[in-house]
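Enquirer: Each residue of the sequence shown is one higher than the last, beginning at 3 in the numbering used here.
Here you go, one structure.
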Amino acid sequence: MTVPVFRFAPSPNGALHLGHAYSALLNADLCAASGGRMLLRMEDIDTERCRPEYEVAILADLAWLGLSWEEPMRRQSDHFPDYRGALDRLIDAELVYPAFMSRGEVRAFIADAEIGHKPWPRDPDGAPVYPPSDKTLSLRERQRRMADGQAFSWRLDMRAALDRLSAPLEWMEDGGGPHGETGRVRAEPAAWGDVVLARKDSPASYNLCVVVDDAIQGVSHVVRGRDLFYATAVHRLLQDLLGLPVPAYLHHELVLDADGRKLSKSRGDTALRALRAGGARPDDIRRMVGLPHAAGGAPLKSGE
């Protein structure tokens with residue numbers, strides 16, 4: 003029998019808050035109920051914002067909550083070649099292209115396109131879909147711009163990627179999406195347009211890293227916040243293109259503040275270290291996020 007593998011994957015770019023505690027504890031509870039293995043991964047691909055002191059604080063908070071995980075812990079910053087290897091495969095397959103438009107150029111392009119026409123399409127997060135202009139550049143022009151040192155990002159050619167599919171994409175959802183989706187969910191990656199997979203100064207984006215990491219670590223059950231539900235469509239597409247295994251997914255509810263907003267590191271919302279300093283105990287954190295004191299819960303279903 004295959005042993006389930008769970009993971010909690012914070013970014014060390016700020017202090018953990020109650021929302022992170024809920025996700026970490028839920029992963030641990032489901033892992034314990036399933037007799038699984040628990041992993042911890044530091045998603046520190048953003049080397050400008052991620053700092054060692056935040057990692058130290060995260061480890062202290064998780065230990066205080068009573069959580070444990072297998073060693074060694076995986077740090078994304080130690081594995082840049084893994085992401086570059088996946089990107090190179092997509093480049094060789096002509097499924098990505100160098101995109102040169104700056105944010106200002108994108109805004110100007112969209113403003114012109116919307117004059118007298120319907121609004122420019124937005125992705126599920128509300129950001130404008132990247133314009134198609136760069137895909138019309140000749141190979142010679144692309145090579146010239148890159149050789150000249152012009153800033154660019156590697157973007158997935160969504161239309162070319164979808165043309166490679168032999169069957170519709172799905173994933174197994176065990177938690178319920180924003181509209182109560184459970185069971186097999188149809189993935190609709192086209193809504194995201196040509197997503198960024200890497201930048202000139204960064205080896206990979208979150209979308210590419212997460213599918214590579216989960217495959218390398220053998221993660222069988224991805225338990226994460228509902229804010230990533232729609233992004234799973236992009237992850238399913240990349241898994242298919244790269245021939246990677248498909249975990250089962252559970253997208254849990256988010257812990258919100260008094261105004262109904264998602265908690266944020268940048269606002270210092272309900273930081274665990276502040277709650278600890280105020281005398282809170284681990285059981286108090288469980289009560290605050292609505293989890294039972296003792297580990298429990300039913301094991302997740304297997305993936306595809």
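Where a beta carbon is used, it is the ideal one built from N, C-alpha and C, also for glycine.
Roughly how many angstroms separate the alpha carbons of Met148 and Pro100, rounded to a whole number?
Expert: Numbered from 1 along the sequence shown, position 146 holds the residue referred to as residue 148. Numbered from 1 along the sequence shown, position 98 holds the residue referred to as residue 100. Their backbone Cα atoms lie some 8 Å apart in a straight line.
Enquirer: Apply the 10 Å Cβ neighbour rule to Glu45 and answer buried if 16 or more other Cβ atoms are within range, or exposed otherwise.
Expert: Position 43 of the sequence shown, counting from 1, holds the residue named residue 45. Answer is buried; the Cβ neighbour count reaches 16.
Enquirer: Exposed or buried, which one is Leu164 when buried takes at least 16 other CB atoms within 10 Å?
Expert: What you label residue 164 is simply residue 162 of the sequence shown in a count that begins at 1. Looking at its Cβ environment, which holds fewer than 16 other Cβ atoms inside 10 Å, Leu164 is exposed.
Enquirer: Would you mind listing the alpha helix (DSSP H) stretches within the region 164-226 that are 4+ residues and don't spill past its ends, in chain order?
Expert: Correct list: 208-219.
Enquirer: Would you decide whether Thr49 is buried or exposed? Buried here means 16 or more other CB atoms lie within 10 Å of its CB.
Expert: The residue labelled residue 49 in the question sits at position 47 within the sequence shown. By the 10 Å Cβ count, Thr49 comes out exposed.
Enquirer: Give the DSSP-derived three-state secondary structure of His253 in the structure shown.
Expert: The residue given as residue 253 occupies position 251 in the sequence shown. His253 falls in the strand class under three-state DSSP.
Enquirer: Since Met320 and Tyr251 are thought to touch, with beta carbons under 8 Å apart, how far apart are those beta carbons, to the nearest angstrom?
Expert: Because the chain in this structure spans residues 3 to 306, residue 320 falls outside the shown range and cannot be described.
Enquirer: Out of Gln241, Glu143 and Tyr56, point me to the one whose CA is closest to Arg275's CA.
Expert: Here the question's residue 275 lines up with position 273 in the sequence shown. The option with the nearest alpha carbon to Arg275 is Tyr56.
Enquirer: Are the CB atoms of Leu240 and Val197 within a distance shorter than 7 Å?
Expert: Locating residue 197 in the sequence shown gives position 195, where the first residue counts as 1. Locating residue 240 in the sequence shown gives position 238, where the first residue counts as 1. Their beta carbons are not under 7 Å apart, which means Val197 does not touch Leu240 by this criterion.
Enquirer: Could you give the residue range of the alpha helix (DSSP H) that holds Ser25?
Expert: Against the sequence shown, residue 25 aligns to sequence position 23. Start and end: Leu20 to Ser36.
Enquirer: Say whether the region 134-141 touches the region 197-207, bearing in mind that this needs 3 or more beta-carbon pairs closer than 8 Å, one atom from each stretch.
Expert: Cβ pair count under 8 Å is below three, so no.
Enquirer: May I ask you to report which of helix, strand or coil DSSP gives Trp122?
Expert: By 1-based counting over the sequence shown, the position of residue 122 is 120. Three-state result, Trp122: coil.
Enquirer: Compare the C-alpha of Asp84 against each of Ala260, Ser207, Thr234 and Ala273 and name the closest.
Expert: Counting from 1 along the sequence shown, the entry for residue 84 is found at position 82. Among Ala260, Ser207, Thr234 and Ala273, the Cα nearest to that of Asp84 is on Ser207.
Enquirer: Taking the alpha carbon of Asp63 as the point to measure from, which residue in Gln145, Tyr24, Val98 and Ser79 has its own alpha carbon closest?
Expert: Along the sequence shown, read from residue 1 onward, the residue named residue 63 stands at position 61. Here the closest residue by C-alpha is Tyr24.
Enquirer: The alpha helix (DSSP H) that contains Trp66, what's its start and end?
Expert: In the sequence shown, the residue the question calls residue 66 occupies position 64. From DSSP, the alpha helix (DSSP H) with Trp66 extends over Pro54 to Trp66.
Enquirer: Taking DSSP's pairing of strands, which residues face Val248 in a bridge?
Expert: In the sequence shown, residue 248 corresponds to position 246, counting from 1. Answer is none; Val248 lacks a bridge partner.
Enquirer: With distances taken from CA atoms, which of Arg43, Leu41 and Asp259 is nearest His19?
Expert: Within the sequence shown, the letter at position 17 stands for residue 19. Looking at the Cα atoms, Asp259 is the closest of the given residues.
Enquirer: Using the Cα positions of Leu42 and Phe111, report the straight-line distance between them to the nearest angstrom.
Expert: In the sequence shown, residue 42 corresponds to position 40, counting from 1. In the sequence shown, residue 111 corresponds to position 109, counting from 1. Going from the Cα of Leu42 to the Cα of Phe111 covers about 42 Å.
Enquirer: In the DSSP assignment, the beta strand (DSSP E) including Arg9 goes from what residue to what residue?
Expert: Here the question's residue 9 lines up with position 7 in the sequence shown. Residues Val7 to Phe10.
Enquirer: CB Val236 to CB Pro191, shorter than 7 Å?
Expert: The count along the sequence shown starts at 1 and reaches residue 236 at position 234. The count along the sequence shown starts at 1 and reaches residue 191 at position 189. Yes; because the gap between Cβ atoms is below 7 Å, this pair is in contact.
Enquirer: Give me, in chain order, the residues of the same chain whose beta-carbon lies closer than 7 Å to that of Ala300; leave out the 5 immediate sequence neighbours on both sides.
Expert: Reading the sequence shown from its first residue, position 298 is the one you call residue 300. For Ala300, the pLDDT reaches just 44, beneath the cut-off of 50, and the residue's location in the model is therefore unreliable, leaving the point undetermined.
Enquirer: Is it buried or exposed, Ser13, if we count other Cβ atoms within 10 angstroms and call 16 or more buried?
Expert: As a position in the sequence shown, residue 13 is number 11, starting the count at 1. It counts as buried.
Enquirer: Residue range of the alpha helix (DSSP H) that Pro284 falls in?
Expert: What you label residue 284 is simply residue 282 of the sequence shown in a count that begins at 1. Per DSSP, Pro284 belongs to the alpha helix (DSSP H) from Pro284 to Val291.
Enquirer: I want to know whether the region 64-73 touches the region 24-33 - three or more CB-CB distances under 8 Å.
Expert: Touching, yes.
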